Amino acid sequence: KGMGIVEGDKRYASTVEDNLVAASVYDQKGVHFLSTCVQRIHWIEKFREVFDKTTQRKRMGKFLRLAINDDYNLNMNNVDIADQLRGSYRPDRWMRKQKWWWSMFFWGHGTLLVNAFIAYKRFMENKGLKPM
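Be aware that the sequence shown starts at 16, since it is given in the working numbering, and climbs by one per residue.
Dropping the structure here:
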């Protein structure tokens with residue numbers, strides 16, 4: 016069990032019990048992880064180009080991220096991106112109280128369209144062309 020505060024408002028709490036790791040990070044909003052794939056929780060340093068208001072130029076800024084968060088972002092394989100796209104362009108918002116099978120049909124239809132869009136984007140990028 017651990018609790019830590021790093022770099023201003025970056026707080027985290029974690030616990031490791033029998034191959035189950037739970038971690039919660041608060042930066043601008045809460046991010047929570049529950050995993051059986053992580054052995055330990057540790058911070059890694061990342062770098063990003065940021066705009067400096069004092070010099071009016073971009074510079075490299077250093078920030079900390081939990082390794083579990085970085086592993087998730089690098090290995091999610093478009094799962095969350097597909098969920099976000101399907102949630103943004105939901106055609107079934109107006110039919111919450113309709114027949115139960117309508118929502119299943121529109122969920123499958125939305126999933127089909129989002130997966131087709133992701134496949135199209137990858138195909139175009141592999142050919143060196145800009146997708147629409």
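We put the beta carbon where it would ideally sit given N, CA and C, even for glycine. Predicted model only: the values in this text are computed from it and were never measured.
Check                                                                                            : Outcome
Beta carbon of R101 nearer than 8 Å to that of G125                                              : yes
Neighbour-count burial assignment, L81, 16 or more Cβ in a 10 Å radius                           : buried
C-beta contact flag for K73 and F66 at 8 Å                                                       : yes
Residue closest to T51, alpha-carbon to alpha-carbon, out of T69, R137, M119, I83                : I83
Three-state secondary structure assigned by DSSP to H57                                          : coil
Closer than 7 Å: P146 CB and nearest the ligand FMN heavy atom                                   : As presented, the structure is devoid of all ligands, the ligand FMN included, so that no description of it is given.
Residue environment, I96, which counts as buried when at least 16 other CB atoms sit within 10 Å : exposed
C-alpha distance - G19 paired with G143, whole-angstrom precision                                : Confidence is the limiting factor: at G19 the pLDDT is only 45, short of 50, which leaves the residue's position unreliable, though a coordinate-based value still follows. Approximately 45 Å between the Cα atoms of the pair.
Cβ-based neighbour list, E64, same chain, cut-off 8 Å, excluding 5 preceding and 5 following     : K73, R74, M75, G76
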